[in-house]
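Taken in order, these protein sequences are the chains called Z and R.
Taking my numbering, the leading residue of the first sequence gets 61, the next gets one more, and so forth.
Taking my numbering, the leading residue of the second sequence gets 23, the next gets one more, and so forth.
Positions of the beta carbon are idealized from the N, C-alpha and C atoms, including for glycine.
I have placed the structure first, in the form of structure tokens, so that the comments after it can refer back to it.
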Amino acid sequence: MKTKMINTIFLGLTLAVALIGCKKDDDLVPLPNPIVNEQELITTMKLTLIDSSDAANIRTATFRDPDGDGGVSYDLFDTIRLEPAKTWYVSILLLNETAAPIDTISNEVLEEANDHLICFSPGGNSATVLITDVDGNSFPIGLQSKWKTTSSGLGTMQIELKHQPGIKNGTCGVGETDIDILFPVKIQ
Amino acid sequence: MIKLIQLFILLMPLITVAQVDSLSQKCTSSLSGKILDDHDRSGLAIATIAILEIQKKTISNEEGNYLITNLCDGVYTIKVTHQGCDTILQKVTVLGHTIQNFYPEHHAELLRTVSVIAERPLDQTTQTKNEVSIEKLNQSKGMSLGDALKSVPGVTTLNTGSSISKPIIHGLHSNRILILNNGIRQEGQQWGVEHSPEIDPFIAGKLTVIKGANSVRYGSDAIAGVILVDSKPLRDSVGINGEINTIGTTNGRGGTVSAYLDGNFKKLRPLSWRIQGTLKQNGTLSAPNYYMINTGLKESNFSYTLQWKKPLYGAEIFYSQFNTKLGIFGASHIGNLTDLQRAFDSPVPLETGGFTYAINRPNQNVEHELLKARFYFRTRDVGKLSIIYARQYNLRYEYDKNSPLNDSLAALNQHDLQFEITSHTADIIWEHHTVKHFTGSIGISGITQGNTYEGRALIPNFRNYSGGVFLIERWKKKRLEIEGGVRYDYKWLRIYKYEYVGTSNYELISPIHQFENVSGNFGAIFKKDSTLNFSINFGSAWRAPSVSELYSDGLHHGAAAMEFGNRNLQTEIAYTGIFTIRYSPSKKLFIEVSPYYNYIANFIYRQPTEAPILTIRGAFPGFNYAQANAVLKGCDVYANYHLFKSVEITAKGSLLRAWNKTQNNWLIMMPADRIETEITYRFKNGKKISHSYVSASALFVNKQWRVEPNVDFAPPPPAYFLLNMHASCAIQVANQHIELGVSVTNLLNTSYRDYMDQFRYFTDALGRNISFRIKVPFNTSFKN
Chain Z
61 MKTKMINTIF
71 LGLTLAVALI
81 GCKKDDDLVP
91 LPNPIVNEQE
101 LITTMKLTLI
111 DSSDAANIRT
121 ATFRDPDGDG
131 GVSYDLFDTI
141 RLEPAKTWYV
151 SILLLNETAA
161 PIDTISNEVL
171 EEANDHLICF
181 SPGGNSATVL
191 ITDVDGNSFP
201 IGLQSKWKTT
211 SSGLGTMQIE
221 LKHQPGIKNG
231 TCGVGETDID
241 ILFPVKIQ
Chain R
23 MIKLIQLFIL
33 LMPLITVAQV
43 DSLSQKCTSS
53 LSGKILDDHD
63 RSGLAIATIA
73 ILEIQKKTIS
83 NEEGNYLITN
93 LCDGVYTIKV
103 THQGCDTILQ
113 KVTVLGHTIQ
123 NFYPEHHAEL
133 LRTVSVIAER
143 PLDQTTQTKN
153 EVSIEKLNQS
163 KGMSLGDALK
173 SVPGVTTLNT
183 GSSISKPIIH
193 GLHSNRILIL
203 NNGIRQEGQQ
213 WGVEHSPEID
223 PFIAGKLTVI
233 KGANSVRYGS
243 DAIAGVILVD
253 SKPLRDSVGI
263 NGEINTIGTT
273 NGRGGTVSAY
283 LDGNFKKLRP
293 LSWRIQGTLK
303 QNGTLSAPNY
313 YMINTGLKES
323 NFSYTLQWKK
333 PLYGAEIFYS
343 QFNTKLGIFG
353 ASHIGNLTDL
363 QRAFDSPVPL
373 ETGGFTYAIN
383 RPNQNVEHEL
393 LKARFYFRTR
403 DVGKLSIIYA
413 RQYNLRYEYD
423 KNSPLNDSLA
433 ALNQHDLQFE
443 ITSHTADIIW
453 EHHTVKHFTG
463 SIGISGITQG
473 NTYEGRALIP
483 NFRNYSGGVF
493 LIERWKKKRL
503 EIEGGVRYDY
513 KWLRIYKYEY
523 VGTSNYELIS
533 PIHQFENVSG
543 NFGAIFKKDS
553 TLNFSINFGS
563 AWRAPSVSEL
573 YSDGLHHGAA
583 AMEFGNRNLQ
593 TEIAYTGIFT
603 IRYSPSKKLF
613 IEVSPYYNYI
623 ANFIYRQPTE
633 APILTIRGAF
643 PGFNYAQANA
653 VLKGCDVYAN
663 YHLFKSVEIT
673 AKGSLLRAWN
683 KTQNNWLIMM
693 PADRIETEIT
703 YRFKNGKKIS
713 HSYVSASALF
723 VNKQWRVEPN
733 VDFAPPPPAY
743 FLLNMHASCA
753 IQVANQHIEL
763 GVSVTNLLNT
773 SYRDYMDQFR
783 YFTDALGRNI
793 SFRIKVPFNT
803 SFKN
């Protein structure tokens, strides 16, 4: 009799701890949520280049990887085509086209300008770049710039977005690289 | 060495037993009782009853009665031996004329307590099996499970910085090793190199490594071997005992406290219980010349065990919970290959900082739960039936280095990745006792798993069912033992994944994969005499490709690589042969040599893509999962020599050659050859101080020369040499033996990088660390 009671107590106790012990059970695999990409994926970089001597002369160049890293590859990768011996006002637009509505990442870069820098590295027959916008600490940002072309020819323009939280010092040598695109440049 | 360890293990229970001074008291008490068969309660004649403390002995008469007279009151350890039965070791309180019956039984399984102490691992299986010695287990207290296993020859670790460490057996790791926590397959996100096993090392009373392919007993995946993490047996006798371990480390200014409490009440003899818990924390760790920022760690674990033990049946509940939050070395998260090159070229990490206990991004937050229930019944006199059910729940959060640009999103401090996996396993095993020299078991096991993710799509959701049946028989006669087993498994896997179909549209796919395989095992041990024995084992194991190998797609942060899964991967099958010679011509010398050959058909590995993959972050090297036939062969050596009575020298080494036969090149990420020697001086046991020793060890790890050019971002780091020291003693304070220990690792504060460390591109390995350990046991026995 006594043993029976003890047995019952033991069984009850076991069940109780087993039940208390377990956390919620997500056993049945639900369908995954529709793709939630990185919270701030950058799919697209679009350059708008305006001729300083003729505001109607507008050029654009775009790099786009429609689903971000991995998956399908880029579907737009333009050559920057400019005319020689001219000054161009250049603005950069960064987009996340996987979001609906499309998210303008460059606005967020601007909001956190103190932590970001866009670096330009021309190669071959390209353009010289002067960044025209500055952050709260008077360091350059790079969303707005002035490009000067000289002669005709072929070259490249490497554009990098550096994330430099708390360490921005105006140089490209610090921080992590969020964007790195090497655009071909054709001046004719 | 083995003998000494055995002696040490034998002496362990005695440490807590009250010492009895027989000369100073008038001793008139006695101990008497019956030795009864645990099955039918008949008296057992000619059983030996020995009191270990005072080395008194007697033999039971024909009715099973025994009597020992002229005893002092006190607690004694009684050892009861009877032919064909397991030895019983039990603490008994003698107070006046005390009566105590003992119930030896014929089978090893029920009294695992005893079989662990009494049996040599050699007697259990023909497989090459190495146990981590108690001494090494103590030295590794406060470190990770991987570090604790490193003392076994052939076992190394795969590290991601200093806080994440995974065991490697014969060059293979992660999904190719099976870890059994108290008999249950550890199921988490093992595929990730930066996902360390979620087990509190303090749970382990015993750590065993079984080398070689072995699917038959433990199920698929054991391509390289099996690691057994077993708790200490619960107490059999009435009373309460426990232990508090306190550890402090200088590197990272860390502290660990772990304690357990075991008990068995007089009014409820069949019930034994244990509660156990561990708290651990450390701050920023340091390499010899700088702090490695954001390497703090916090861990809190607890477990309990309840066991109901009757002669004919029993039950056990085990529950454990593991929680950790660990920082990932900040300078290791990089944007692209240029960043990686910059990090690698810099003599110090690109980011350094001071000491802090705070854990920032990037970091991991993991919890793991295990609930196990085990029931067993005697099936008359022929065998035993065990039913084991377990549920595991693993929740892992990973936080990237940078929080979102958007302030409102950043304020939420959301994880970038979350994995959640729940596994249910069930095993039914029937073991039969020796019949005409045969013993064996037959079993059936099943598992079901559900996995979900949130955040970045690294691996998809999936559900998986698998099951297997096995049969193992062992024939043993005199000096020869032969073992064979066969198993069949089936696995069903269904994936749920959104795939990009263009113009910002995703489509759900849910393919089904099925895998099945038969595996086998055959082995033999021949004991020529007490000085020499040979064992040989041939085994096969298989592994279904993991979901990450089938479906991973995208950028691997921190590794700066794009990985593409391959949906057509086939089952990977390993065939291993291991031969082991153990030679001990005298008590002074013990040598174990164990060469092995592991042929893996359809070995899954990462094959670099022809061109780098262009993304908005720049170009990345791409890797496709591919299959090839591979051979991993090598040799483990262990030797122990007693130079003098108090001085012993131990040497161990391991060699490994891993070759891709299809591509005709070396397999990458294989541990380099290594050798370690240790010299130990043991002091004589004094009146108050015992088990004292000092040891110094030297580890040499060669450069990994066998690497194909241009498959890695950087050449393998050079060879390195490390010195370590350990010292320990036990001090008797009021009948308890308090153990003190101190260990110094990387004594010379050498700057080095290990090839098997994922962070070798970014930082040196851990600098000098001094750890102090105090173990305070306590024991209260009640009158039976």
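Does residue i pass the burial test, meaning 16 or more other C-beta atoms within 10 Å, or should it be called exposed?
| i | result |
| --- | --- |
| L89/R | exposed |
| W330/R | buried |
| L372/R | buried |
| T702/R | buried |
| A752/R | buried |
| A787/R | buried |
| F484/R | buried |
Kindly indicate if chain Z contains any beta-carbon less than 8 Å away from that of residue i.
| i | result |
| --- | --- |
| H355/R | yes |
| T148/R | no |
| T637/R | yes |
| M778/R | no |
| L283/R | no |
| L515/R | no |
| N424/R | yes |
| L849/R | With chain R covering 23 to 806 only, the question about residue 849/R has no answer from this structure. |
| G763/R | no |
| G576/R | yes |
Between residue i and chain R, is the shortest Cβ-Cβ distance under 8 Å, so that the two count as touching?
| i | result |
| --- | --- |
| F123/Z | yes |
| V132/Z | yes |
| I102/Z | yes |
| M105/Z | yes |
| T237/Z | yes |
Using a Cβ-based criterion (distance less than 7 Å to any ligand heavy atom), does residue i qualify as near the ligand NAP?
| i | result |
| --- | --- |
| T271/R | For the ligand NAP, the structure offers nothing, since it holds no ligand at all. |
Just the C-alpha distance for residue i and residue j, rounded to the nearest angstrom, thanks.
| i | j | result |
| --- | --- | --- |
| T553/R | G542/R | 31 Å |
| G375/R | G305/R | 12 Å |
| Q685/R | P731/R | 14 Å |
| R790/R | A720/R | 14 Å |
| G128/Z | E700/R | 53 Å |
| M3/R | T474/R | Since the first residue of chain R shown is 23 and the last is 806, residue 3/R is not available in this structure. |
| T602/R | G708/R | 39 Å |
| I315/R | F351/R | 6 Å |
| N197/Z | N229/Z | 9 Å |
| G489/R | S64/R | 42 Å |
Taking C-alpha atoms, which residue in the options lies nearest to residue i?
| i | options | result |
| --- | --- | --- |
| A159/Z | D240/Z, G183/Z, I247/Z, T103/Z | T103/Z |
| I356/R | Y783/R, I269/R, G214/R, V404/R | Y783/R |
| H437/R | F548/R, N385/R, W452/R | N385/R |
| K151/R | H104/R, N123/R, L229/R, I100/R | L229/R |
| G2/R | K683/R, G561/R, K710/R | Because residue 2/R is not part of the residues shown, which for chain R are 23 to 806, the question remains open. |
| I494/R | E505/R, E265/R, S488/R | E505/R |
| K347/R | A337/R, F340/R, L307/R, V388/R | V388/R |
| I410/R | N416/R, F399/R, E503/R, K550/R | F399/R |
| V653/R | F666/R, T631/R, A756/R, F625/R | F625/R |
| Y312/R | G763/R, Q754/R, G274/R | G274/R |
| K397/R | L407/R, N559/R, G545/R, S325/R | Per the sequence shown, residue 397/R should be read as Phe rather than Lys. Measuring from the Cα of F397/R, the nearest candidate turns out to be L407/R. |
Taking C-beta pairs closer than 7 Å, name the residues in chain A that residue i reaches, listed in chain order.
| i | result |
| --- | --- |
| Y522/R | The question asks about chain A, but that chain is absent: this structure's protein chains are Z and R. |
| message | So, does the segment 659 to 678 of chain R touch the segment 174 to 188 of chain R, judging by three or more C-beta pairs under 8 Å? | response | yes
| task | Inspect the CB distances between the segment 295 to 304 of chain R and the segment 367 to 374 of chain R and report whether three or more fall short of 8 Å. | result | Too few Cβ pairs lie closer than 8 Å, so no.
| message | With a threshold of 8 Å, are at least 3 pairs of Cβ atoms found where one atom belongs to the segment 530 to 542 of chain R and the other to the segment 217 to 225 of chain R? | response | no
| field | Any 3 or more C-beta pairs closer than 8 Å across the segment 159 to 175 of chain R and the segment 84 to 103 of chain R | value | no
| message | When you compare the segment 270 to 277 of chain R with the segment 237 to 251 of chain R, are there three or more beta-carbon pairs, one atom per stretch, that lie closer than 8 Å? | response | no
| message | Does the contact criterion of 3 or more C-beta pairs under 8 Å hold for the segment 449 to 460 of chain R versus the segment 472 to 491 of chain R? | response | Proximity of the segment 449 to 460 of chain R to the segment 472 to 491 of chain R falls short of the contact definition, fewer than three beta-carbon pairs being nearer than 8 Å.
| query | Looking at C-beta atoms only, is the number of pairs between the segment 252 to 261 of chain R and the segment 284 to 295 of chain R that lie closer than 8 Å three or more? | reply | yes
| message | Any contact between the segment 70 to 80 of chain R and the segment 237 to 244 of chain Z? By contact I mean 3 or more CB pairs, one from each, below 8 Å. | response | no
| Three CB pairs or more closer than 8 Å across the segment 186 to 194 of chain Z and the segment 209 to 217 of chain Z | Yes, they touch.
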